[in-house]
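What follows is a short report on a single structure.
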Amino acid sequence: MLTSRTFLKRTRAGAVMKVVREHYLRDDISCGVAACTLCGGGVEDGGGSHSLLEAQPSEAFSTLCPDPHYLLLDTNLLLHQIDILEDPVIRNVIVLQTVLQEVRKRSAPVYKRIRDVIANPEKHFYSFTNEHHKETYIEQEQGENANDRNDRAIRIAAKWYNEHLMKLQNEDKLRVILLTNDRKNKEKAVEEGITAYTCEEYVKSLIANPELVDRLACLNDEANEIESGRIIFSEHLALSKLQQGIKSGIYLQGTFRANRDNYLEATVWVHGDGDEREVIIQGLRNLNRAVHEDIVAVELLSKDAWAAPSSVVLLDDEGQGEEDDVEKEEQKEKTLKTFGNKNMLRPTGRVVGIIKRNWRPFCGMLSKSQIKEARRHLFTPADRRIPRIRIETRQASVLEGQRIIVAIDGWPRTSRYPNGHFVKNLGAAGDKETETEVLLLEHDVPHQPFSQAVLSFLPKMPWSISDQDMKFREDLRHLCVCSVDPPGCTDIDDALHCRDLENGNLEVGVHIADVSHFIRPGNALDQESAQRGTTVYLCEKRIDMVPELLSSNLCSLRSNVDRLAFSCIWEMNCNAEILRTRFTKSVINSKASLTYAEAQMKIDSASMNDDITTSLRGLNKLAKILKKRRIDNGALTLSSPEVRFHMDSETHDPIDLQTKELKETNSMVEEFMLLANISVAQKIYDEFSEHALLRKHPAPPPSNYDILVKAAKSKGLEIKTDSAKALADSLDSAESPSFPYLNTLLRILATRFMMQAVYFCSGMDNDFHHYGLATPIYTHFTSPIRRYADIIVHRLLAVAIGADSTYPDLTDKHKLAELCKNLNYRHKMAQYAQRASVAFHTQLFFKSKGVVNEEAYILFVRKNAIVVLIPKYGLEGTVFFEEKDKPKPALLYSDEIPSLTVEGTTFYTFDKVKVNIMLDASNIQHQKIRMALVEPKVQGCGIPSQAMQLSSNNEPQTKKKKLGK
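Written out as structure tokens, the structure is:
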């Protein structure tokens, strides 16, 4: 059965075009009820992956509807109550095509979550294709808007289901209940003979599951306003008015970035046509209920009201009793203005509306109300940039001291804080598993187990290389290939070889795991890998991008097993000059899986001359030449202190913390990985100039280096920053015989002022240059087990050499640009998660140490503090010279040559000091490492009393513990 719709459309050129849309209707679409005799409920209809409704629904008992029933949802209920729908108690739900399509348009995250629920066979959610069923499809009537038409379609489907189920002559009186929070839709449904309830009514009727009530989204702002009804915030303008204002230039659109250290200040990053600027927002009313990462519209204030960024730290009060005390906030705002630098006035504005909310579930802790038997409590997010959230819960006593997840539902004009609802209890605060879960959630790291749909695309075991696998593949198993990696590495991406050729030249090969052979474009495994983007390495845990069967087995280039590889092979002379480059899919058999230390030992040993050692020595010799050439061309050799934890083999708590020691072999592997990446980048760009996936590193603005230049000047050194080569040369010459660690400090500081390297599509950008490596073109090819970008590069290279076929998305530059956006985001969040993991384990390490006294160097000088680096631990921290409720010392700050004078003692960048390190656990959610100055002694700035308390309680450890990896 076919229906069609005809309409006229005007093209960009101004011509009128007639468009005819055909819509096919069917009479064989299943109702989804298992074993339905009328329509063959168990037969798939081709409408996508979904599970069947149970023939005998076994959901929780409802006092409203004791008979067996199915639930049917409208769009808004699904959008706002997804946390309820994901609960195991809610089963046997019909999700209409009408609803799914609308959800997909309005919220991508909710759409993904409901698709995951539908795919879960234990939930029995059925996706019914009502828009193509001849008895449930309806046309939009004249004068009827799209929303009303969709509501009518939902009611038609509910009515059809009830009539269909009656025909089954089932003794259990099966029926469908419509759940809707739309008052008009509910009234019309009841008029039409459909049983309908609000979500709250239905959830409260599940008397065996009272905990579900806490998870209800709080949608009625009026019901949650403070009794006084006092208006705190101005009304947000309608989206249509905001768009008109942005178009006319009255308002600016940008991303709202809350200040981590000052809850009354934020910045809005305005993105225009090649124009990026920052607008400061100060004060509660001007912030106007915007939340970190929202897309907002701002109105600039008059120039006489512009402000300077404040240097004061203001944290939201932890108390419960004065949450709406606006007078108190206004007093703080006056403090805010007092601490601004009048010479640094910036464009300042106020938020007038929200273009797009970017709310997500937030991890944090409950601040239980002091009022006895109160149901309203404040939730304090782990991320200080997020405001506290008011929730209602009957479980406050149970949730106190726990890490929980809360979602924001709305923010009324009369409320100091947004309203939200409880989602999930993660576990006790401070517990290692709980805190790891929190940092993964807070940094948006996908870490759920791989679904069956994803795992179904893995090779069946036992697996071996077939004749088909050898097609377009070279057999290199005879070569003396080996891998060199950190200790304990199981996901071995790369291996190397070097051998003499008869013509006197050398053959060098980099062999990379052929992950793209196992992950084919577009399937569930490919989509999941693309979404994850990267493997995330935490201190005790690895979150794989691909399932373990690939990462640690079939793709890992382990020794003495045949493995599929993608090889980049050069012919070089003894001066490491490339004479010829070729790329080939291959099969290899690694002769050794070495650690950096083992490889170094072989190179250095006079008694070892086997094939592997000879190959390593050849590689090392060439790598030194390659590195010198790179540095001569202007590549930067920077420094970043990395730490390694030694864990107790039984408790898995950190018992030692050291900076990582780098060997020659680290540099050897790095040089050949860089060379392979550059060679592949050039090849794929030559073949696909419009859609090569490349990586660039923008040059930082010259002003970024001001602090570095001034700090070096304070030590009598000159740092030039007009080019990467000038910077590299001046860093190389910045030596001090009496202060050998100074050069390392300069390189560490230089690293801080670099821009982020990013992936991009060659057809969407003109600037390919990689500043740090001083190379005109670069990509990532060498780590496909842990980076999805490398998989795309492998596919491009395979097509370029005729080893594989292309597919549409590979040559679509817009889709590639979207992919790069996700990969850049995932890499950034993975870095943040790794740093958070190091910070947490550092806290665990110092928890049992009491107070530790160590040498440190000043990295930055602030107005009331110094930021120091402790080389022994690779640890950075801040020493404050102002403490709450204590007399303020005399401070004098200068930014000409960064220095801070405290009670007559002057501190410069790179000065050596001694500090005490201790764990401050006074705030269980925001535990931190505190540092106090020991030397030089400054009057009134000794060890805080808390440190003395920790020191007196610290008992020497007598029990020796085993060192784990």
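Quick note, the sequence shown lines up with residues 937 to 1901 if you use the numbering used here. By construction, the Cβ of each residue, glycine as well, lies at the ideal position given by its N, Cα and C atoms.
Top-ranked residue by Cα proximity to residue i, from the options
i: Val1774; options: Leu1811, Leu1795 and Gln1536; result: Leu1811
i: Val955; options: Leu961, Thr947 and Arg962; result: Thr947
i: Ile1971; options: Trp1096, Ser1835 and Val1139; result: Since the first residue shown for the chain is 937 and the last is 1901, residue 1971 is missing from the structure and cannot be characterised.
i: Ile1401; options: Val1446, Leu1281 and Ser1522; result: Ser1522
i: Glu1839; options: Tyr1809, Ile1806 and Lys1873; result: Lys1873
i: Ile1491; options: Ala996, Ala1241 and Ile1455; result: As written in the sequence, residue 1491 is Cys, which differs from the Ile given in the question. Closest option to Cys1491, Cα to Cα, is Ile1455.
i: Asp1568; options: Leu1663, Pro1673 and Ser1615; result: Leu1663
i: Gly1469; options: Leu1437, His1383 and Lys945; result: His1383
i: Arg1683; options: Met1691, Val1694 and Asp1668; result: Asp1668
i: Gln1189; options: Glu1791, Gly1079, Leu1572 and Glu1229; result: Glu1229
i: Asn1509; options: Tyr1473, Gln1078 and Leu1562; result: Leu1562
N- and C-terminal bounds of the alpha helix (DSSP H) containing residue i
i: Leu1223; result: Leu1220 to Leu1223
i: Glu1171; result: Careful: Glu1171 lies outside any alpha helix (DSSP H) and carries neither H nor E.
i: Asn1489; result: First-last for Asn1489: undefined, no H or E at that position.
i: Ser1603; result: Glu1600 to Glu1623
i: Val1374; result: Lys1368 to Glu1378
i: Glu1464; result: Ala1460 to Arg1468
i: Tyr1097; result: Ala1082 to Met1102
i: Glu1235; result: Not the alpha helix (DSSP H): Glu1235 falls in the beta strand (DSSP E), residues Ile1231 to Leu1236.
i: Ser1551; result: Asp1547 to Asp1568
i: Val1645; result: Asp1642 to Lys1649
i: Arg1683; result: Leu1678 to Arg1688
Sequence-distant residues of its chain with Cβ nearer than 6 Å to residue i (five each side left out)
i: Leu1828; result: Thr1837
i: Phe1298; result: Pro1317, Ile1322 and Val1342
i: Tyr1768; result: His1379
Secondary structure of residue i, DSSP reduced to three states
i: Pro1045; result: helix
i: Cys967; result: coil
i: Ser1063; result: strand
i: Asp1856; result: strand
i: Cys1697; result: strand
i: Asp1658; result: coil
i: Gly1300; result: strand
i: Val1787; result: coil
i: Trp1205; result: strand
i: Thr1837; result: strand
i: Gly1363; result: strand
i: Asp1726; result: helix
i: Gly1129; result: coil
i: Glu1212; result: strand
i: Tyr1768; result: helix
i: Gln1189; result: strand
i: Gly1181; result: helix
i: Phe1782; result: helix
i: Leu1335; result: helix
i: Lys1521; result: strand
i: Cys1135; result: helix
Span of the beta strand (DSSP E) around residue i
i: Ala1528; result: Ala1528 to Thr1531
i: Ile1290; result: Thr1284 to Lys1292
i: Gln1338; result: Gln1338 to Gly1346
i: Glu1438; result: Element bounds for Glu1438: n/a, residue is neither H nor E.
Contacting residues, own chain, Cβ-Cβ under 7 Å from residue i (five flanking each side not counted)
i: Lys1304; result: His1313, Ala1332 and Glu1336
i: Gly983; result: Because Gly983 carries a pLDDT of 43, less than 50, the predicted location of this residue cannot be relied on, and the following value inherits that uncertainty. Around Gly983: Ser1063 and Thr1065.
i: Ser1887; result: Unreliable placement is indicated for Ser1887, whose pLDDT of 30 sits below 50; the coordinate value is still reported in the next sentence. Only Gly1786 and Val1787 meet the Cβ criterion.
i: Cys1697; result: His1627, Leu1629, Lys1749, Leu1752, Ala1753 and Cys1756
i: Lys1360; result: Ile1340 and Ile1341
i: Tyr1133; result: Leu1000, Ile1113 and Leu1115
i: Ala1725; result: Leu1629, Tyr1695, His1716 and Leu1759
Own chain, CB closer than 8 Å to residue i, minus 5 neighbours either side, in chain order
i: Ala1364; result: Gly1337, Gln1338, Arg1339 and Thr1370
i: Leu1155; result: His1016, Asn1117, Asp1345 and Gly1346
i: Phe1782; result: Val1788, Ile1853, Met1854, Leu1855 and Ile1865
| query | Are the stretch 1719-1733 and the stretch 1465-1482 touching, with three or more C-beta to C-beta distances below 8 Å? | reply | yes
| request: Taking 8 Å as the threshold, find out whether the stretch 1062-1071 comes into contact with the stretch 960-967 through three or more Cβ pairs. | output: yes
| task | Specify whether the stretch 1228-1242 and the stretch 1279-1291 touch according to this definition: at least 3 beta carbon pairs, one from each stretch, less than 8 Å apart. | result | yes
| request: Check whether the stretch 1386-1395 touches the stretch 1430-1445, taking contact to mean three or more Cβ pairs, one atom from each stretch, closer than 8 Å. | output: no
| query | Are the stretch 1523-1539 and the stretch 1416-1434 touching by the rule of at least three beta carbon pairs closer than 8 Å? | reply | yes
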